[in-house]
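**Q** In terms of my numbering, the sequence shown opens at residue 1 and continues consecutively.
If you scroll down you'll find the structure; I have some questions about it.
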Amino acid sequence: MSETIHLDVDGMTCASCAQRVERVLGRQEGVEEAAVNFAGHGARVVLSDTADLTALRQAVQKIGYDIAPSTDQDRMTPVERYAKETRYQRNNLAAAATLTIPLFLIAMLWDGTASRATQWALATPVVFVFGWQFHRMAGKLVRSFSANMDSLVSIGTLAAYWYSVWAFFSDEPVFFETAGVIVTFILAGRYFEARAKGRATDAIGALLELGAKDATLLRDGAEVLVPIEEVTAGDLMVVRPGEKIPTDGRIAEGVSSVDESMLTGESVPIDKIVGDEVLGATVNQHGRLVVEATSIGADTALAQIVRLVEDAQATKAPVQRLADRVSAVFVPAVIAIAVATFVVWLLVDGSVATALRNSVAVMIIACPCALGLATPTAIMVGSGRGAELGVLFKNAAVFEQSRRIDAVVFDKTGTLTEGVMTLAQVVTDQDEARFLYLIGSLEAASEHPVARAVALGAEQREITLGAVTDFTALPGLGATGKVDGSDVVAGKAKLLADRGFFIPDRYLEAAETMEGLGETAFLAGWDGEVKGALSVADTVRPSAVEAVDSIHGAGATVALMTGDNRRTAEAIAHQLGIRRVMAEVMPAAKAAEVRRLQQSGSVVAFVGDGINDAPALTQADVGMAVGTGTDVAIDAGDVVLMSGDPLAASAGLRLAQATFRTIRQNLFWAFGYNVVAIPVAAAGLLNPAIAALAMALSSVSVVGNSLRLRRFGS
1 MSETIHLDVD
11 GMTCASCAQR
21 VERVLGRQEG
31 VEEAAVNFAG
41 HGARVVLSDT
51 ADLTALRQAV
61 QKIGYDIAPS
71 TDQDRMTPVE
81 RYAKETRYQR
91 NNLAAAATLT
101 IPLFLIAMLW
111 DGTASRATQW
121 ALATPVVFVF
131 GWQFHRMAGK
141 LVRSFSANMD
151 SLVSIGTLAA
161 YWYSVWAFFS
171 DEPVFFETAG
181 VIVTFILAGR
191 YFEARAKGRA
201 TDAIGALLEL
211 GAKDATLLRD
221 GAEVLVPIEE
231 VTAGDLMVVR
241 PGEKIPTDGR
251 IAEGVSSVDE
261 SMLTGESVPI
271 DKIVGDEVLG
281 ATVNQHGRLV
291 VEATSIGADT
301 ALAQIVRLVE
311 DAQATKAPVQ
321 RLADRVSAVF
331 VPAVIAIAVA
341 TFVVWLLVDG
351 SVATALRNSV
361 AVMIIACPCA
371 LGLATPTAIM
381 VGSGRGAELG
391 VLFKNAAVFE
401 QSRRIDAVVF
411 DKTGTLTEGV
421 MTLAQVVTDQ
431 DEARFLYLIG
441 SLEAASEHPV
451 ARAVALGAEQ
461 REITLGAVTD
471 FTALPGLGAT
481 GKVDGSDVVA
491 GKAKLLADRG
501 FFIPDRYLEA
511 AETMEGLGET
521 AFLAGWDGEV
531 KGALSVADTV
541 RPSAVEAVDS
551 IHGAGATVAL
561 MTGDNRRTAE
571 AIAHQLGIRR
581 VMAEVMPAAK
591 AAEVRRLQQS
601 GSVVAFVGDG
611 INDAPALTQA
621 DVGMAVGTGT
631 DVAIDAGDVV
641 LMSGDPLAAS
651 AGLRLAQATF
661 RTIRQNLFWA
671 FGYNVVAIPV
681 AAAGLLNPAI
691 AALAMALSSV
701 SVVGNSLRLR
711 RFGS
């Protein structure tokens with residue numbers, strides 16, 4: 001039995017660190033899969049029954065890092081971690097800059113023995129106190145015969161410092177200011193990087209802050225205010241207008257509308273009555289509600305949303321593999337190039353100072369961080385922005401796959417339409433009340449939306465329904481049963497014909513007319529003869545036309561798939577501007593229809609309700625499941641749309657495509673920067689201090705480019 005756990009990883013400072021931890025975890029007994037996210041300082045590990053978490057931790061500690069389950073109560077959230085890291089780097093930077101600025105000015109403006117001694121005094125605390133984080137990690141890695149970006153910085157700054165100490169006594173030029181400026185610039189990069197990564201986790205922080213901190217419970221007829229942690233399933237919670245609903249529940253008393261925009265992206269408040277489900281962290285608009293708690297803690301919709309976002313951020317997009325392979329050999333390769341640079345310049349120029357300066361520049365300009373941050377930061381920001389819009393990405397691969405989507409298939413009911421059927425027309429030569437009594441009684445035994453609409457329509461006409469026996473539901477066809485001794489059948493003409501029913505032409509013609517109006521029509525009768533035709537109507541969502549136009553504008557075609565007859569389907573498709581219609585598709589055949597599109601060369605996104613559409617969602621290249629409240633953790637598909645608004649599907653695809661474009665831009669910059677900068681430094685065309693500034697800016701630029709996704713859709 002496999003189990004997926006999430007671990008916090010401490011001590012990582014670059015992509016090489018993440019690769020090293022990932023390799024070590026992957027080699028341990030019982031580890032089936034391991035993925036380490038440098039940007040998120042976390043790991044997603046799939047363990048078998050033989051895995052030993054203590055042994056995993058010891059193996060990681062041997063190479064200079066540490067891990068712990070992210071569910072530990074004393075562990076920091078990503079938001080808290082980045083806030084702490086930002087404060088730490090800010091304080092280091094401020095102190096280092098206070099000494100480095102005069103160090104640099106003295107080196108530029110003052111010459112002589114006193115100047116050199118002052119530079120030595122100012123550089124020493126910068127290199128060994130404020131830059132100690134680099135030397136500490138480099139020292140840990142030496143013991144395991146490995147290296148990372150900290151190793152490059154440590155070697156470069158110590159080489160410049162100790163050479164300067166030798167030069168001080170040998171009356172040669174010193175590089176104390178170079179060592180100090182390198183440390184300060186890199187600390188500046190660490191600070192801005194930590195700050196930017198903190199902003200990338202703002203979405204998760206905002207989600208975590210949504211939850212209520214306390215709840216008002218009804219106990220023995222009195223209202224008692226308690227911390228949210230004390231609420232248990234079954235408790236009755238009082239929610240006044242303007243208050244947050246403390247946790248997921250069901251309305252026991254009261255009528256109101258609830259603002260669910262913070263979770264679903266649905267801007268219009270939803271009307272709620274007794275028996276309706278409500279979500280924790282949503283806001284009661286008006287009217288006092290008494291809500292029975294049904295889900296608490298990790299089982300709430302909010303907790304599941306946060307978990308889905310964190311899961312997506314812990315996975316890797318396929319495009320990251322190249323960067324991972326490069327990162328694995330990057331630091332050793334850079335050290336080898338730096339050594340070669342030193343040797344070549346020493347042979348060519350004969351100056352130790354020149355050879356040292358150029359080799360230090362090579363080590364400082366190299367930036368494995370940019371490679372490590374390119375993909376995960378874009379995924380962090382993209383998935384976080386998606387959560388704010390009510391679009392939950394379940395894995396990173398969907399970002400890459402989305403760029404190839406050229407066909408979007410919508411299941412009609414509940415996506416392009418409201419999914420709430422109402423009885424529209426009844427055509428019969430019988431007494432209508434008697435007709436609706438028999439058909440309504442039959443349909444009341446079914447859970448199908450069409451059947452429920454008929455039963456509700458009969459009840460709204462004040463018809464008291466009877467009992468049904470021998471009930472049989474025939475998916476995609478209709479239903480049969482016995483009501484008051486009569487064998488009643490309702491459904492498609494084929495079903496009644498196969499049962500030997502006589503079907504008058506006038507009812508077939510009535511059904512055709514209903515279907516031409518976009519209504520779902522069917523026949524019904526008893527004792528071997530069709531007695532009438534009925535239709536139910538499902539309203540097209542107001543935003544459906546805009547969603548279809550948006551997808552068409554992005555260069556993809558839109559298709560409508562439904563179990564309805566072709567006339568009804570085509571009438572609705574015509575309203576929406578959809579030209580491709582797949583009608584009368586049985587639930588079991590939806591996946592086959594998606595497969596047929598794929599075999600014709602299309603890359604397909606399927607949008608469905610995540611229940612009877614599960615096979616099609618799984619078959620599609622990108623499955624987009626419509627979640628409704630507590631159904632956010634559905635297994636089918638790659639994307640969960642928290643609201644039923646079809647615009648969410650369009651926004652999700654466009655956001656995924658924008659995220660992947662950002663990933664490609666980041667990787668292009670990260671690879672291009674290193675490919676160009678390292679040879680320039682080796683050629684002696686780059687001052688080490690300028691190299692340090694460029695290296696710091698490279699990581700910040702990658703994170704900054706990713707942060708542009710926060711403005712998506714605004």
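Glycine included, C-beta positions come from ideal geometry on N, C-alpha and C.
Please work out which residues of its chain come closer than 6 Å, Cβ to Cβ, to residue 631, disregarding the five sequence neighbours upstream and downstream, and give them in chain order.
**A** Confidence is the limiting factor: at residue 631 the pLDDT is only 46, short of 50, which leaves the residue's position unreliable, though a coordinate-based value still follows. Once the five neighbours on either side are set aside, residue 631 has no close Cβ partner at all.
**Q** Please return the same chain residues whose Cβ sits closer than 6 Å to the Cβ of residue 723, not counting the five positions on each side in sequence.
**A** Here the chain comprises residues numbered 1 to 714, so residue 723 is not present and cannot be evaluated.
**Q** Short of 7 Å in beta carbon distance, which residues of its chain neighbour residue 700, apart from the five on each side in sequence? Order them along the chain.
**A** Excluding sequence neighbours, residue 700 sits near 189, 192, 193, 196.
**Q** Out of 478, 501, 499, state which residue places its alpha-carbon closest to the alpha-carbon of residue 490.
**A** 478
**Q** Using the Cβ count rule (16 or more neighbours within 10 Å means buried), how would you classify residue 145?
**A** exposed
**Q** Quick one: is residue 11 buried, meaning 16 or more other Cβ sit within 10 Å of its Cβ, or exposed?
**A** buried
**Q** Can you grab the Cα-Cα spacing for the pair residue 506 / residue 530, in whole Å?
**A** Answer to the nearest angstrom: the Cα atoms are 10 Å apart.
**Q** Could you spell out the range, first to last residue, of the alpha helix (DSSP H) harbouring residue 357?
**A** Residues 352-365.
**Q** Spatial neighbours of residue 647 within its chain, please: C-beta separation below 8 Å, excluding the five flanking residues on both sides.
**A** 543, 546, 547, 550
**Q** Contact defined as beta carbons within less than 8 Å: I believe residue 365 pairs with residue 96. What is the distance between those atoms, to the nearest angstrom?
**A** In this structure residue 365 does not touch residue 96 by the C-beta definition: roughly 20 Å separates them, more than the 8 Å allowed.
**Q** What is the DSSP secondary structure of residue 67, reduced to helix, strand or coil?
**A** strand
**Q** Taking C-alpha atoms, which residue in 600, 342, 292 lies nearest to residue 218?
**A** 292
**Q** Label residue 599 either buried or exposed according to how many other C-beta atoms from any shown protein chain fall within 10 Å of its C-beta, with 16 as the threshold for buried.
**A** exposed
**Q** Excluding the 5 residues preceding and the 5 following residue 673 in the sequence, name in chain order all residues of the same chain whose CB lies nearer than 7 Å to its CB.
**A** Excluding its 5 nearest sequence neighbours in each direction, residue 673 has C-beta neighbours in its own chain below 7 Å: 367, 370, 698, listed in chain order.
**Q** If residue 497 sits next to residue 503, beta carbons under 8 Å apart, how far is it from one beta carbon to the other, in whole angstroms?
**A** 6 Å
**Q** What residue range does the beta strand (DSSP E) around residue 579 cover?
**A** Membership of residue 579 in any beta strand (DSSP E) is not indicated, and neither H nor E is assigned to it by DSSP.
**Q** Might you give, ordered along the chain, the residues of its own chain that have their beta carbon closer than 7 Å to the beta carbon of residue 131, omitting 5 neighbours on each side?
**A** Taking C-beta separations shorter than 7 Å and ignoring five residues to either side along the sequence, the partners of residue 131 in its chain run 157, 183, following chain order.
**Q** Go through its chain and collect everything with a Cβ distance to residue 356's Cβ below 8 Å, but skip five positions before and after it.
**A** 159, 160, 163, 175, 342
**Q** Quick check on this structure: which residue in 621, 143, 563 has the alpha carbon closest to the alpha carbon of residue 400?
**A** Considering only alpha carbons, the answer is 621.
**Q** If you follow the beta strand (DSSP E) that residue 531 is in, where does it begin and where does it stop?
**A** 529-537
**Q** Skipping 5 residues on each side, what residues in its chain have a beta carbon closer than 7 Å to that of residue 683?
**A** none
**Q** What residue range does the alpha helix (DSSP H) around residue 725 cover?
**A** Because residue 725 is not part of the residues shown, which for the chain are 1 to 714, the question remains open.
**Q** Specify, as a first and last residue, the run of the beta strand (DSSP E) that residue 599 falls within.
**A** Segment 590-599 is the alpha helix (DSSP H) holding residue 599; no beta strand (DSSP E) there.
**Q** The alpha helix (DSSP H) with residue 449 in it runs from where to where?
**A** 449-460
**Q** Which residues mark the beginning and the end of the alpha helix (DSSP H) in which residue 617 is found?
**A** 614-619
**Q** Cβ of residue 270 within 7 Å of Cβ of residue 260?
**A** yes
**Q** So which of 235, 254, 242 has the shortest CA-CA distance to residue 248?
**A** Of the listed residues, the one whose Cα sits closest to residue 248 is 235.
**Q** Under a three-way DSSP split, which group does residue 701 fall into?
**A** Helix, per DSSP.
**Q** May I ask you to list the residues that DSSP assigns as paired with residue 37?
**A** 42
**Q** Could you name each continuous beta strand (DSSP E) segment of 3 residues or more that falls completely within the segment 545-569, going from the start of the chain to the end?
**A** 557-561
**Q** Beta-carbon separation of residue 119 and residue 109 under 7 Å?
**A** Not in contact: residue 119 and residue 109 (Cβ atoms no closer than 7 Å).
**Q** What does DSSP give as the partner residue(s) for residue 6 in the beta ladder?
**A** 44
**Q** List the endpoints of the continuous alpha helix (DSSP H) containing residue 134.
**A** First-last of the alpha helix (DSSP H) with residue 134: 132-143.
**Q** Apart from the five residues on each side of it in sequence, which residues of its chain come closer than 7 Å, Cβ to Cβ, to residue 89?
**A** For residue 89, where only same-chain residues beyond five positions count, the Cβ hits under 7 Å are 187, 190, 191, 194.
**Q** Quick test of your reading: residue 746 and residue 411, contact by CB under 8 Å. State the CB separation rounded to the nearest angstrom.
**A** Outside the displayed range of the chain (1 to 714) lies residue 746, so it cannot be described from this structure.
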